[in-house]
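2 protein chains.
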Amino acid sequence: MTSPGDVLDLISRGAAETRADLVRHTGMARSTIGQRVDALIEYGLVEETTPGGSTGGRPPRLLRLNTRDNCVIGVDLGATHCRVALMDIGGTLLATREDPLRIDMGPLPVLRHIDTRMHELLAETGRPLATVKAIGIGVPGPVEFATGRPANPPIMPGWHDHPIPEFFTDRYDVEVLVDNDVNVLALGERRYAHPDARHLLFVKVGTGIGCGIIADGRLHRGAQGSAGDIGHIRVPDAGDAQCRCGNTGCLEAVAGGAALAERLTAAGIPAEDGRAVVDLVNQGDPTALRMVRDGGRLIGDVLAGLVNFFNPEAIVVGGVMAHVHEPLLAGMREVIYQRSLPLATHRLTVVPSRSGELGGALGAGRLAIDRVLSPGHIDRALAHRPGATPSPRPPTAAR
Amino acid sequence: MTSPGDVLDLISRGAAETRADLVRHTGMARSTIGQRVDALIEYGLVEETTPGGSTGGRPPRLLRLNTRDNCVIGVDLGATHCRVALMDIGGTLLATREDPLRIDMGPLPVLRHIDTRMHELLAETGRPLATVKAIGIGVPGPVEFATGRPANPPIMPGWHDHPIPEFFTDRYDVEVLVDNDVNVLALGERRYAHPDARHLLFVKVGTGIGCGIIADGRLHRGAQGSAGDIGHIRVPDAGDAQCRCGNTGCLEAVAGGAALAERLTAAGIPAEDGRAVVDLVNQGDPTALRMVRDGGRLIGDVLAGLVNFFNPEAIVVGGVMAHVHEPLLAGMREVIYQRSLPLATHRLTVVPSRSGELGGALGAGRLAIDRVLSPGHIDRALAHRPGATPSPRPPTAAR
DNA sequence: GAACTTATGTCGAAGATCGACGGAAGTAAC
DNA sequence: GTTACTTCCGTCGATCTTCGACATAAGTTC
Numbered sequence: 001m002t003s004p005g006d007v008l009d010l011i012s013r014g015a016a017e018t019r020a021d022l023v024r025h026t027g028m029a030r031s032t033i034g035q036r037v038d039a040l041i042e043y044g045l046v047e048e049t050t051p052g053g054s055t056g057g058r059p060p061r062l063l064r065l066n067t068r069d070n071c072v073i074g075v076d077l078g079a080t081h082c083r084v085a086l087m088d089i090g091g092t093l094l095a096t097r098e099d100p101l102r103i104d105m106g107p108l109p110v111l112r113h114i115d116t117r118m119h120e121l122l123a124e125t126g127r128p129l130a131t132v133k134a135i136g137i138g139v140p141g142p143v144e145f146a147t148g149r150p151a152n153p154p155i156m157p158g159w160h161d162h163p164i165p166e167f168f169t170d171r172y173d174v175e176v177l178v179d180n181d182v183n184v185l186a187l188g189e190r191r192y193a194h195p196d197a198r199h200l201l202f203v204k205v206g207t208g209i210g211c212g213i214i215a216d217g218r219l220h221r222g223a224q225g226s227a228g229d230i231g232h233i234r235v236p237d238a239g240d241a242q243c244r245c246g247n248t249g250c251l252e253a254v255a256g257g258a259a260l261a262e263r264l265t266a267a268g269i270p271a272e273d274g275r276a277v278v279d280l281v282n283q284g285d286p287t288a289l290r291m292v293r294d295g296g297r298l299i300g301d302v303l304a305g306l307v308n309f310f311n312p313e314a315i316v317v318g319g320v321m322a323h324v325h326e327p328l329l330a331g332m333r334e335v336i337y338q339r340s341l342p343l344a345t346h347r348l349t350v351v352p353s354r355s356g357e358l359g360g361a362l363g364a365g366r367l368a369i370d371r372v373l374s375p376g377h378i379d380r381a382l383a384h385r386p387g388a389t390p391s392p393r394p395p396t397a398a399r
Numbered sequence: 001m002t003s004p005g006d007v008l009d010l011i012s013r014g015a016a017e018t019r020a021d022l023v024r025h026t027g028m029a030r031s032t033i034g035q036r037v038d039a040l041i042e043y044g045l046v047e048e049t050t051p052g053g054s055t056g057g058r059p060p061r062l063l064r065l066n067t068r069d070n071c072v073i074g075v076d077l078g079a080t081h082c083r084v085a086l087m088d089i090g091g092t093l094l095a096t097r098e099d100p101l102r103i104d105m106g107p108l109p110v111l112r113h114i115d116t117r118m119h120e121l122l123a124e125t126g127r128p129l130a131t132v133k134a135i136g137i138g139v140p141g142p143v144e145f146a147t148g149r150p151a152n153p154p155i156m157p158g159w160h161d162h163p164i165p166e167f168f169t170d171r172y173d174v175e176v177l178v179d180n181d182v183n184v185l186a187l188g189e190r191r192y193a194h195p196d197a198r199h200l201l202f203v204k205v206g207t208g209i210g211c212g213i214i215a216d217g218r219l220h221r222g223a224q225g226s227a228g229d230i231g232h233i234r235v236p237d238a239g240d241a242q243c244r245c246g247n248t249g250c251l252e253a254v255a256g257g258a259a260l261a262e263r264l265t266a267a268g269i270p271a272e273d274g275r276a277v278v279d280l281v282n283q284g285d286p287t288a289l290r291m292v293r294d295g296g297r298l299i300g301d302v303l304a305g306l307v308n309f310f311n312p313e314a315i316v317v318g319g320v321m322a323h324v325h326e327p328l329l330a331g332m333r334e335v336i337y338q339r340s341l342p343l344a345t346h347r348l349t350v351v352p353s354r355s356g357e358l359g360g361a362l363g364a365g366r367l368a369i370d371r372v373l374s375p376g377h378i379d380r381a382l383a384h385r386p387g388a389t390p391s392p393r394p395p396t397a398a399r
């Protein structure tokens, strides 16, 4: 009923620190728990620390994830930057490095860059390569998650159908997970800031606008993996603004960072991109401020509909434009709470992302950690480990 | 690794008809499969039929669900009608009955009516009461699914927080599941018409407009159980039509059956409600036809956004207005395929519901069947059945 | 330091699962 | 019609898993 993986899950979530805790949570026999814990320790994912404080009896032997011998790499690939983070499987950031890097150089130079950085970070922190159990990568475009291949990504020329995982699995004994950057952000935000949220939307407002969807605690990728593409939803008050997608009135065309910069420039205040708009707001420019707030209202209009449809308990806003989250979220909240149904907004929270610049890399690392710690993964690893069942069936094979 | 419930699942889905099939599908030992099947037969959910045709060797003993001794009740409650259906656990409709019934009479008269009809249907088909294993009920309002209590339903006065399941569980040994009518329709449609669809939207266009969401094969109910309420999403071209919810520009206020009837009446063609509009279209009235098509476009506008967001593989349209699905779906498709992203519409199908008038009751019955056949349910039932573990622990209890 | 509390390891018994064996029940060929 | 072959299924002992009871460890409280 309860597998070794579930035991690990309780330990990793901090729900159980001792064998006795595990017994209480799982209802399994002490002996069974002891055996499972031994297996996990032998396998190297769990370790014992110093005895804990007594509560009137023998002090328990505290258990925790073996963060010394198990780490992951999280990679955040953007159009023009690459951040690589080394994390242990407890989710602690050990070292990170960001470089400008044009993703349109194509797969091989970019992947080699990641490989180099990974080795540097390992060397810095004195961790052997073999401690890297998985690599998570967030990319700015649609990906077929199961195979880790980008699917006609508009801003990643040369990457279509490139088998990203193979680059690493051919060289090292690791698992590699590739996903859309917004999905990765949603995953990270949920883990680090909203661990109890079962239904969450992560809205990234950068040059474009995208959305990561967590439904019932798991990422919703949709039938073709294109779910969350809210940037091209038509907005009621958008007028006929032309969008790069060919349609008019898209959310992205009126409320994305690039659109705001254009409009600001047209209004006589030169702004190159979303970041420039952010800077202007921070400098107190009233026109930029109003524009960001209006953009928030437009995004809020779309989100109000999605709140009715999806009924999330939290909306988290990230991306470059969230650096000025006061006006942005004010505009969004204003429309959402007015337009959505009371039942749906009753316990809804609309908050800025807490993960900052590191969000993408941390989320990608979390994707990798989740894989390493997933019950199914552990059960398989433990079942196939040498010595488990010393192959008592040569007779079958012989005949 | 594979539980008795999984064995039942394979049988109920038609994926395995013989013990040998089960061995091939599960990879388990013949002896284990035999033991599990015996347990399921003894428990009464599975039975053996006549030997099947030989394929060159001993003919297999065919297995199937024991539909004779296991049935469920599906109930479709509307504002002014009540349909009760008796189905076996294979999903076959055995008998059904519809009556006009005002749901605003309050819980007790309505539930007593259902109880009476249930007994009549059982008598008609000669099935004992004890063969009813579960009851599924779809109601026209929001429900807290876990407890089966309506949550401030607007058109069900007196039902708020009423514990519907208790009415039946106090009298009989059954499980009772209560859900929103649109959710129930979505569930039924998926099972009967789109068994392979993992992500599906069921759009009900009646007096109002609602949507049942199937995400990754399971119903998405959202944080407060209000997911799918798309009737009050703002539509770009809706103008300032006043909606009963207090806002303006809601989809329901411009494209629902009631709204179409009003507008048709205002145009000089009297129509009392959505059904009257349908009748007019069927009589060839060009104004009504145009209005339905325009309504389809408006709904399509909202759905185009949801397709981008959710990326379903199928949209199924039901409800009264779907009786004239040619113009309705034409309008919807026109906008969806124009506005949504190519990747998301590539394999998207937009089709009318196939379940007709019986859809609600069949879906509610399916909800009940799914519970009866759910792996977890079976595993528990088999573990607790008398004789499984003949209580080998009097010593513990004695001390 | 005796009594009590809490935590953990050990061990035999019961249960679950497996592979091997053999019998059952057809078809195909002579 | 009898022999060979194929497929299906039940039985049985061996093995692995899980459990509960017992024993032990290591603290606190008085």
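Those protein sequences? They're chains A and B, same order as listed.
Residues in the first sequence are numbered consecutively from 1, following UniProt numbering.
Residues in the second sequence are numbered consecutively from 1, following UniProt numbering.
Think of the CB as a built atom: it goes at the ideal place given N, C-alpha and C, for glycine as much as any other residue.
With respect to the beta strand (DSSP E) encompassing residue i, which residues constitute its N-terminal and C-terminal limits?
i	result
A/T96	L93 to P100
B/A255	Note, B/A255: premise wrong, no beta strand (DSSP E); alpha helix (DSSP H) at L251 to A255.
B/V277	Segment G274 to N282 is the alpha helix (DSSP H) holding B/V277; no beta strand (DSSP E) there.
B/D179	E175 to N180
B/R64	R61 to L65
B/A134	V132 to V139
B/I336	That residue, B/I336, is in no beta strand (DSSP E); its alpha helix (DSSP H) goes H325 to R339.
A/G210	I209 to A215
B/F202	L200 to V205
A/I73	C71 to L77
So residue i packs on residue j, CB below 8 angstroms; how close in whole Å?
i	j	result
A/L280	A/A288	4 angstroms
A/E313	B/A223	4 angstroms
B/V184	B/I135	About 12 angstroms separates the two Cβ atoms, so there is no contact after all.
B/P140	B/G78	6 angstroms
B/M118	B/V205	Wrong, their Cβ atoms sit about 30 angstroms apart, outside the cutoff.
B/G231	B/G257	Not a contact, Cβ separation roughly 11 angstroms.
What residue range is occupied by the uninterrupted alpha helix (DSSP H) comprising residue i?
i	result
A/M28	First-last for A/M28: undefined, no H or E at that position.
A/R117	P107 to T125
A/A304	P286 to F310
Buried or exposed: which applies to residue i, given that a residue is buried once 16 or more other Cβ atoms fall within 10 Å of its Cβ?
i	result
A/G27	exposed
B/P4	buried
A/R393	Unreliable positioning characterises A/R393 in this predicted model, as indicated by a pLDDT of 34, which lies under 50. A coordinate reading is not provided.
B/H325	buried
B/A29	exposed
B/E189	buried
A/G44	exposed
B/R83	buried
A/L108	exposed
B/P100	exposed
B/S353	buried
A/T396	Residue placement at A/T396 is poorly supported in this model, since its pLDDT is 30, which falls under 50; the coordinates still yield a value, given next. Label assigned to A/T396: exposed.
Would you say residue i and residue j are within 9 angstroms of each other, going by their C-beta atoms?
i	j	result
B/G365	B/V23	no
A/G284	A/M332	no
B/G213	A/F310	Per the sequence presented here, residue 213 of chain B reads as Ile, with Gly not at that position. Cβ atoms of B/I213 and A/F310: closer than 9 angstroms.
A/G138	A/A361	yes
A/V316	A/A186	yes
B/R61	B/G53	no
B/D273	B/T207	yes
A/P157	A/G74	no
A/L306	A/V335	no
B/R234	B/G249	yes
B/L129	B/Y172	yes
Exercise. Is the segment 10-17 of chain B close to the segment 59-77 of chain A, with three or more CB pairs under 8 angstroms?
Worked result: no
Exercise. Taking one C-beta from the segment 89-99 of chain A and one from the segment 115-126 of chain A each time, how about it: are there three or more such pairs within less than 8 angstroms?
Worked result: yes
Problem set entry | Stretch-stretch touch, CB-based, cutoff 8 angstroms, three pairs: the segment 364-380 of chain B with the segment 163-183 of chain B | yes
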